[in-house]
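Engineer:
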Amino acid sequence: MPTTRESSSASPIGRDTRRVDGPLKVTGVAQYTSDFNFPGMLYAVPVEATIASGRVTSLDTAAAEKMPGVRAIFHRRNIGKIFRSIPGPGFEGICEERRPPFDDDVIRYYGQYIALAVADTFETAKAAADAVRATYQIDKPNVEEKLTADDDPDTVLTTFGVRHRLDSERGDPDGAYKSAPVKLDQTYVTPTEAHNPIELHATTAIWDGPNLTLYESSQGVVNLRSVLAQMFGLSKENVRVVTRFVGSGFGGKLFPWTQCPLAAAAARQLGKPVKLVVSRKMMFQTVGHRPRTQQRVRIGATREGKLVSLQHDYIYQRSMLDAHHEDCGEATPFQYSVPNLRVTFGRAKRNIGAGADMRGPGAVPGLYATESALNELAYELKIDPVKLRVLNEPKIDEGLKLPFSSRHLLECFDLAVEKFGWAKRTPEVGSMKRDGLTLGWGMAGCTWLAARFPAEATLQLRDDGTVRIATATQDIGTGTYTILAQLAAEKTGVPIDKVEVVLGDTLLPEGPLSGGSMATGSLVPAVFTAADAAIVSLLTVAVATPGSPFENRKPDDLTLKGGRVVAKDGDAASGVPFADLLRRANLRLVTGSGRSESTFGNPSPKFSTHSFGCHFVEVTWQPEIARLRVSRVVSVIDAGRILNPLAGRNQIQGAVVMGMGMALFEHTSYDPQNGAPINSSLADYIMAVNADVPPIEVHFVEHPDIQINELGARGIGEIGLAGIAAAITDAVHHATGVRVRELPVKIESLLT
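Numbering (my numbering), first residue to last: 11 to 762.
1) Cutting at 8 Å between CB atoms, please list the residues of its own chain near P78, excluding the five before and the five after it.
2) Since P266 and A215 should fall inside the 8 Å C-beta cutoff, what is the C-beta to C-beta distance between them, to a whole number of angstroms?
3) When you compare each of E561, L518, I493 to P535 by their alpha carbons, which one comes out closest?
4) Excluding sequence positions up to five away, which residues of its chain have a Cβ less than 8 Å from the Cβ of G372?
5) Inspect the beta-carbon positions of K571 and G503 and report whether they are closer than 8 Å.
6) Could you have a look at F430 and say whether DSSP puts it in helix, strand or coil?
7) Of the residues V755, V667, E758, which one's Cα is nearest the Cα of A732?
8) Could you pull out every residue in the same chain whose Cβ sits closer than 7 Å to the Cβ of D177, ignoring the five residues on either side in sequence?
9) For the beta strand (DSSP E) holding N221, just list the boundary residues, first then last.
10) Please report the straight-line C-alpha distance between G611 and L449, rounded to a whole angstrom.
11) For the beta strand (DSSP E) that E58 lies in, which residues bound it at each end?
12) Would you say T202 and P343 are within 8 Å of each other, going by their C-beta atoms?
13) Check Y491 in the structure and name its three-state DSSP category.
14) Would you mind stating whether G24 and L497 have Cβ atoms separated by less than 8 Å?
15) CB-CB under 7 Å to S17, same chain, minus the five flanking residues each way: which ones, in chain order?
16) Could you spell out where the alpha helix (DSSP H) holding K443 opens and where it closes?
17) Within a Cβ cutoff of 7 Å, which residues of the same chain sit near G489, ignoring the five residues on either side of it in sequence?
18) Could you spell out where the beta strand (DSSP E) holding C456 opens and where it closes?
19) Give the DSSP bridge partners of G310, in chain order.
20) For a quick check, are the C-beta atoms of S603 and A540 less than 8 Å apart?
21) To the nearest angstrom, report how far apart N221 and R250 are at their CA atoms.
22) Rounded to whole angstroms, what's the CA-CA distance from T27 to A426? Just pull it up for me.
23) Measure from the alpha carbon of C456 to the alpha carbon of each residue in E728, N47, R637, then state which is nearest.
24) Quick one: is D567 buried, meaning 16 or more other Cβ sit within 10 Å of its Cβ, or exposed?
25) Going straight from the alpha carbon of G100 to that of V231, what length do you get?
26) Going by DSSP, name the residue or residues bridged to A467.
27) Mind pulling the alpha helix (DSSP H) runs of 4 or more residues that sit fully within the stretch 325-391?
28) With a threshold of 7 Å (Cβ to nearest heavy atom), would L523 be considered close to the ligand NAD?
29) Between the C-alpha atoms of E628 and Q345, what's the straight-line distance to the nearest angstrom?
30) Provide the residue span of the alpha helix (DSSP H) that contains K291, from first to last.
31) Could you name the residues of the same chain whose beta carbon sits closer than 7 Å to that of D6, not counting the 5 residues immediately before and after it, in chain order?
32) Compare the C-beta of D567 against all C-beta atoms of chain E and say whether one is closer than 8 Å.
33) Which one of Q683, I757, I738 has the shortest CA to CA distance from A62?
34) Just to confirm my understanding: we take V477, look at its own chain, exclude 5 residues before and 5 after, and list those with CB closer than 8 Å. What are they?
35) Can you list the beta strand (DSSP E) stretches of 3 or more residues lying completely in the stretch 224-280, in chain order?
36) Is it buried or exposed, N88, if we count other Cβ atoms within 10 angstroms and call 16 or more buried?
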């Protein structure tokens with residue numbers, strides 16, 4: 011396997027590259043948010059509501075306040091003012107739970123914070139929180155799983171702006187469906203899925219006069235700075251957010267939750283650093299989840315398999331106050347060709363916490379429904395499901411009426427068919443056997459959006475021969491440190507181990523959210539522009555420094571190759587190391603800055619920009635003991651140029667495993683009496699673990715997409731999860747004959 015120390019003459023782009031931050035993590039040097047400690051630091055533990063609907067009528071804090079070591083019990087009447095934040099341009103001021111903590115006495119979901127215990131030790135704070143007694147006016151909560159759309163207006167306000175409930179429409183979908191020779195009308199359900207990264211949400215807040223510093227587990231330090239500045243009436247310059255490492259986020263850490271302002275408010279009141287780490291139980295209640303969805307898909311088709319009508323009507327649950335939008339219809343208008351289409355959505359309020367983005371928000375549950383419906387249609391038509399999709403391959407994005415910047419889905423199908431051995435599939439249910447087990451083979455297509463967020467970066471060339479690249483984005487475990495080192499090495503010719511990458515601090519140039527699989531694509535142009543600017547400065551120094559080998563030459567005659575300044579018509583070996591030139595000029599460093607403009611949400615795009623792919627899945631079924639396992643997966647992804655194939659394969663494999671959890675295990679259940687999540691622990695909330703993971707073969711079809719950036723790289727964090735659940739349930743049907751339309755697959759559903 012190639013290493014990060016290969017010859018500088020070879021491009022680092024497109025090579026398997028080990029994580030530059032790996033040694034820090036495996037040796038315990040990397041500091042996560044809860045690892046930071048400061049002199050005089052206090053510990054905070056929230057008091058949670060034990061009802062899901064009603065009102066706090068009284069709060070007895072006397073016993074807790076008398077405990078030795080307790081500094082304060084904060085609640086609505088003594089926490090101090092916390093303002094509401096509002097979204098600004100781009101991704102500023104965004105939080106999913108818009109109500110500031112302790113803003114009123116109304117309880118809208120189980121686990122809502124109603125008080126905060128602060129003490130000298132965590133143990134004391136926990137005991138004090140447990141000693142607070144609340145009295146409630148209790149109303150019956152609504153946590154009903156069956157969803158009926160609320161009577162919303164045609165246009166609604168969501169977290170990211172106004173949305174029309176008639177999401178997309180073309181042609182005459184009703185008339186075309188009515189006259190179609192073949193019809194399919196089914197409803198698909200995905201459950202509430204809880205956010206459970208290994209690292210718990212955590213906040214440590216420190217005030218220094220008017221300045222607030224927050225150490226936070228965040229996927230968006232720049233947005234968090236904006237939110238906290240608004241909540242405490244500060245200028246952004248007075249707020250600093252630090253996130254050195256994140257123990258995964260998957261969307262739950264994109265935007266701040268209520269523990270952030272609570273820790274900051276407590277630190278403000280007490281004049282000492284305050285640390286608040288959310289418990290695992292609280293992770294099921296107060297830091298977001300993938301909302302439950304109920305999706306009706308109606309397809310009309312010819313007997314040959316051409317789609318003539320597609321209607322996708324979905325409802326998702328939401329909290330009583332907040333407006334997270336689960337965009338299940340995102341991919342429906344463009345994934346396949348159909349002349350008559352309509353996509354609509356509805357929302358159903360429930361006494362639950364705010365919903366949140368979870369890896370592949372919207373499109374992942376949406377593609378489960380539409381890809382499952384296509385698989386059912388293929389079965390009814392007795393057409394191979396791959397052939398059905400090929401028959402309906404669009405020439406353009408029929409929703410936007412724009413050409414695709416790059417679309418190679420058919421190539422993905424061809425390669426997956428070959429690698430999986432799909433030609434050996436026999437379509438009859440239960441017809442394939444191996445070693446006494448019944449095999450099921452299934453497949454599904456997938457897609458995910460591609461765009462850029464705004465991003466800034468600075469790059470330094472230093473007199474010790476090293477390079478420093480800095481930007482206020484964050485590495486959430488996906489390999490951003492390594493990718494930026496590769497980009498800097500590509501532009502400067504310096505070996506990767508001579509590149510320092512500095513992230514996760516709002517004192518740095520503003521960087522993008524680590525979300526939407528857009529961080530890498532956004533940073534490529536910013537880093538390259540910064541590198542170009544630094545190189546221009548270096549070449550100017552090279553010709554202007556007395557005694558330089560290039561004195562009196564023109565900067566345009568020179569270039570930087572392999573870390574050396576050289577004439578454009580020369581080779582790197584004949585050049586002068588840039589460090590030597592800087593030392594000769596008595597300069598510590600030269601710096602360049604770069605910026606990448608946003609394309610996300612562009613109102614007048616010229617192209618439809620997405621990644622595409624497919625998953626082929628094998629399951630084994632042993633009916634005698636009701637044992638179902640995923641035994642093999644082949645995924646093929648069209649995501650532009652792959653900058654680091656090692657990390658890329660890891661991203662897709664991790665997403666596939668998460669998709670196995672979605673299809674087979676994960677489901678948050680709520681108690682209808684008190685609204686509490688019943689399975690709010692990792693003992694009871696079942697996820698895929700190593701023992702469940704089969705061989706996962708990942709392939710990329712590389713076609714650089716230069717509409718995204720000059721390297722043609724698109725993000726790959728989320729597309730691996732899209733479509734995989736539909737492929738698994740298709741394989742389950744092939745093995746068992748049972749068509750599962752509500753996730754997760756339950757063994758009792760297969761015992762028919």
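Every residue gets a Cβ at the ideal spot worked out from N, C-alpha and C, and that includes glycine.
From a predicted model like this one, the values you see are computed outputs, not experimental measurements.
Structural biologist: Let me spell this out:
1) As a first step, residue 78 must be located in the sequence shown, where it is residue number 68. Answer for P78: T134, listed in chain order.
2) Counting from 1 along the sequence shown, the entry for residue 266 is found at position 256. Counting from 1 along the sequence shown, the entry for residue 215 is found at position 205. That belief does not hold up - the Cβ atoms of P266 and A215 are roughly 12 Å apart, past 8 Å.
3) Position 525 of the sequence shown holds residue 535. Comparing Cα positions, the closest option is I493.
4) Taking the sequence shown and counting its residues from 1, the one referred to as residue 372 is at position 362. H335, E336, D337, C338, G339, E340.
5) As a working note, residue 571 is residue 561 in the sequence shown. As a working note, residue 503 is residue 493 in the sequence shown. Yes; because the gap between Cβ atoms is below 8 Å, this pair is in contact.
6) Along the sequence shown, read from residue 1 onward, the residue named residue 430 stands at position 420. Of the three classes helix, strand and coil, the one that applies to F430 here is helix, per DSSP.
7) Locating residue 732 in the sequence shown gives position 722, counting from the first residue. Comparing Cα positions, the closest option is V667.
8) As a first step, residue 177 must be located in the sequence shown, where it is residue number 167. Same-chain partners within the cutoff: G339, V353, T354, F355.
9) For this step, residue 221 is matched to residue 211 along the sequence shown. Taken as a continuous stretch (DSSP letters only), the beta strand (DSSP E) holding N221 covers 221-226.
10) Along the sequence shown, one-based indexing puts residue 611 at 601. Along the sequence shown, one-based indexing puts residue 449 at 439. G611 and L449 have their C-alpha atoms roughly 44 Å apart.
11) For the purposes of this step, residue 58 is taken as residue 48 along the sequence shown, with counting starting at 1. Counting along the chain, the unbroken beta strand (DSSP E) around E58 starts and ends at 52-58.
12) Numbered from 1 along the sequence shown, position 192 holds the residue referred to as residue 202. Numbered from 1 along the sequence shown, position 333 holds the residue referred to as residue 343. Contact flag unset, no.
13) The residue given as residue 491 occupies position 481 in the sequence shown. Three-state DSSP puts Y491 in a helix.
14) Taking the first residue of the sequence shown as position 1, residue 24 is located at position 14. Taking the first residue of the sequence shown as position 1, residue 497 is located at position 487. Judged by their CB atoms, G24 and L497 are not nearer to each other than the 8 Å cut-off.
15) Locating residue 17 in the sequence shown gives position 7, counting from the first residue. Here the model assigns S17 a pLDDT of 38, short of 50, so the residue's position is not dependable and the matter cannot be decided.
16) On the sequence shown, residue 443 is found 433 positions in, with the first residue counted as 1. Taken as a continuous stretch (DSSP letters only), K443 belongs to no alpha helix (DSSP H), being part of the beta strand (DSSP E) at 442-444.
17) Counted from its first residue, the sequence shown places residue 489 at position 479. Around G489: R29, N654, A657.
18) As a working note, residue 456 is residue 446 in the sequence shown. Unbroken beta strand (DSSP E) run through C456: 447-459.
19) Position 300 of the sequence shown holds residue 310. According to DSSP, G310 shares a beta bridge with K193, S319.
20) On the sequence shown, residue 603 is found 593 positions in, with the first residue counted as 1. On the sequence shown, residue 540 is found 530 positions in, with the first residue counted as 1. At the C-beta level, S603 and A540 come within 8 Å of one another.
21) Taking the first residue of the sequence shown as position 1, residue 221 is located at position 211. Taking the first residue of the sequence shown as position 1, residue 250 is located at position 240. Rounded to whole angstroms, N221 to R250 spans 8 Å at the Cα level.
22) For the purposes of this step, residue 27 is taken as residue 17 along the sequence shown, with counting starting at 1. For the purposes of this step, residue 426 is taken as residue 416 along the sequence shown, with counting starting at 1. T27 and A426 have their alpha carbons spaced roughly 25 Å apart.
23) Taking the first residue of the sequence shown as 1, we reach residue 456 at position 446. E728 is the residue among E728, N47, R637 whose C-alpha sits nearest the C-alpha of C456.
24) Numbered from 1 along the sequence shown, position 557 holds the residue referred to as residue 567. Exposed, by the Cβ-count rule.
25) Indexing the sequence shown from 1 puts residue 100 at position 90. Indexing the sequence shown from 1 puts residue 231 at position 221. If you take the alpha carbons of G100 and V231, they lie about 14 Å apart.
26) The residue you call residue 467 lines up with position 457 of the sequence shown. According to DSSP, which records beta bridges pairwise, A467 is partnered with G604.
27) Taking only runs of at least 4 residues, the alpha helix (DSSP H) segments lying wholly in the stretch 325-391 are 342-345, 373-391.
28) For the structure depicted, the ligand NAD is absent and the ligand set is empty, with no information on it obtainable.
29) Working through the sequence shown from its first residue, we reach residue 628 at position 618. Working through the sequence shown from its first residue, we reach residue 345 at position 335. So the two alpha carbons sit approximately 24 Å from each other.
30) Position 281 of the sequence shown, counting from 1, holds the residue named residue 291. Per DSSP, K291 is one residue of the alpha helix (DSSP H) stretching across 290-293.
31) This structure does not reach residue 6, given that the chain is present from 11 up to 762, and the question cannot be answered.
32) Among the chains of the structure shown, chain E does not appear; only one protein chain is present.
33) Within the sequence shown, numbered from 1, the residue matching residue 62 stands at position 52. When Q683, I757, I738 are compared, the shortest CA-CA separation from A62 is found for Q683.
34) Within the sequence shown, numbered from 1, the residue matching residue 477 stands at position 467. Excluding residues within five positions, the ones whose Cβ falls inside 8 Å are L469, Q470, L471, A498, A499, T502, V504, K508, V509, E510.
35) Runs of the beta strand (DSSP E) lying entirely within the stretch 224-280 and spanning at least 3 residues, in chain order: 249-252.
36) Mapped onto the sequence shown, residue 88 falls at position 78. With fewer than 16 neighbouring CB atoms inside 10 Å of its own CB, N88 falls in the exposed class.
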